[in-house]
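Residue numbers (my numbering): 1131 to 1421.
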């Protein structure tokens, strides 16, 4: 072969290698579970991304939910210690600390647990629920115990992925691994739209069985913890806790008046509204908020 033909062949080989490399999927990063206590499940390509700075508040700042807080702490403590515990559905009013409580309880348990095998919190996005079996398969052989956490879990019309969740939680061939538990904050008690359940009742040959198919998803959660709208006193108590924690100085009467006006303009009282007011107050006072 001449030099020119060899050069032409090399160029063709280079282009072929480049084309093949574009088709080949990138290697899946390897996860070191000791790198962090919190992770986010990246379903494609199937990787646990460590989260070193978690967005959460101290458990002492979550007010107005004392009963459900104590139940969740007890359930999580038993699970972390290796004893049986239940999947938990945290349902109810928006902004009342459902997701915040899960993250705060996780931090509280780890502060008291064995440092060599801390409890891990893994967030899975709603759109990745279908990959739960794959995730559980990765976790079941690990030496750690895991809380799987799906924020604002609910299902819309024509969404069949709830069946994957049912099978993954209980009832599948493999079942839920002993070192995995599932915590799901949701605004819906039954996770599905009420009119979706009503439609099943009206069109099914056996209406009661159709409704049971939909409602039985929430039955996979052994604990249902309800969060309800807070009273004015509870709302003000939340703000007082934030103000004290972050060292904000303001006249108590002024604080009360401004907090109530803020809630009125928002049309609601909740932990989220209390926190948003606190952020606004700190900004107006020129004070940073503690991490």
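Ideal Cβ positions, reconstructed from N, Cα and C, are used throughout, including at glycine.
With respect to the beta strand (DSSP E) encompassing residue i, which residues constitute its N-terminal and C-terminal limits?
{"i": "residue 1294", "result": "Careful: residue 1294 lies outside any beta strand (DSSP E), inside the alpha helix (DSSP H) at 1292 to 1299."}
{"i": "residue 1250", "result": "1250 to 1253"}
{"i": "residue 1222", "result": "1218 to 1222"}
{"i": "residue 1180", "result": "1177 to 1181"}
Distance, Cα to Cα, residue i vs residue j?
{"i": "residue 1250", "j": "residue 1279", "result": "10 Å"}
{"i": "residue 1371", "j": "residue 1395", "result": "21 Å"}
{"i": "residue 1230", "j": "residue 1313", "result": "12 Å"}
{"i": "residue 1248", "j": "residue 1298", "result": "24 Å"}
{"i": "residue 1204", "j": "residue 1392", "result": "35 Å"}
{"i": "residue 1173", "j": "residue 1264", "result": "9 Å"}
{"i": "residue 1196", "j": "residue 1281", "result": "21 Å"}
{"i": "residue 1365", "j": "residue 1404", "result": "7 Å"}
{"i": "residue 1206", "j": "residue 1378", "result": "33 Å"}
{"i": "residue 1240", "j": "residue 1232", "result": "12 Å"}
{"i": "residue 1145", "j": "residue 1319", "result": "56 Å"}
{"i": "residue 1327", "j": "residue 1258", "result": "Since pLDDT at residue 1327 reaches only 49, below the 50 mark, its modelled position is unreliable, and the value read off the structure follows with that caveat. Between residue 1327 and residue 1258, the C-alpha separation is close to 23 Å."}
{"i": "residue 1407", "j": "residue 1414", "result": "11 Å"}
{"i": "residue 1274", "j": "residue 1267", "result": "14 Å"}
If I measure Cβ to Cβ from residue i and keep anything under 6 Å in the same chain, skipping five residues before and after, which residues do I get?
{"i": "residue 1189", "result": "1234, 1238"}
I think residue i touches residue j, with their Cβ atoms under 8 Å apart; what is that distance to the nearest whole Å?
{"i": "residue 1347", "j": "residue 1315", "result": "Actually they do not touch by this definition, with Cβ atoms about 15 Å apart."}
{"i": "residue 1217", "j": "residue 1352", "result": "6 Å"}
{"i": "residue 1322", "j": "residue 1285", "result": "5 Å"}
{"i": "residue 1270", "j": "residue 1309", "result": "7 Å"}
{"i": "residue 1400", "j": "residue 1224", "result": "7 Å"}
{"i": "residue 1356", "j": "residue 1222", "result": "5 Å"}
Tell me the residue span of the alpha helix (DSSP H) that contains residue i.
{"i": "residue 1365", "result": "1362 to 1375"}
{"i": "residue 1235", "result": "1228 to 1242"}
{"i": "residue 1257", "result": "That residue, residue 1257, is in no alpha helix (DSSP H); it is neither H nor E in DSSP."}
{"i": "residue 1269", "result": "1262 to 1269"}
{"i": "residue 1403", "result": "1401 to 1415"}
{"i": "residue 1278", "result": "Note, residue 1278: premise wrong, no alpha helix (DSSP H); beta strand (DSSP E) at 1276 to 1279."}
Check residue i in the structure and name its three-state DSSP category.
{"i": "residue 1351", "result": "coil"}
{"i": "residue 1356", "result": "strand"}
{"i": "residue 1203", "result": "helix"}
Which residues in the same chain as residue i place their Cβ atom closer than 7 Å to its Cβ, once the five residues preceding and following it in sequence are excluded?
{"i": "residue 1193", "result": "1364, 1367, 1368, 1371"}
{"i": "residue 1166", "result": "1180, 1181, 1182"}
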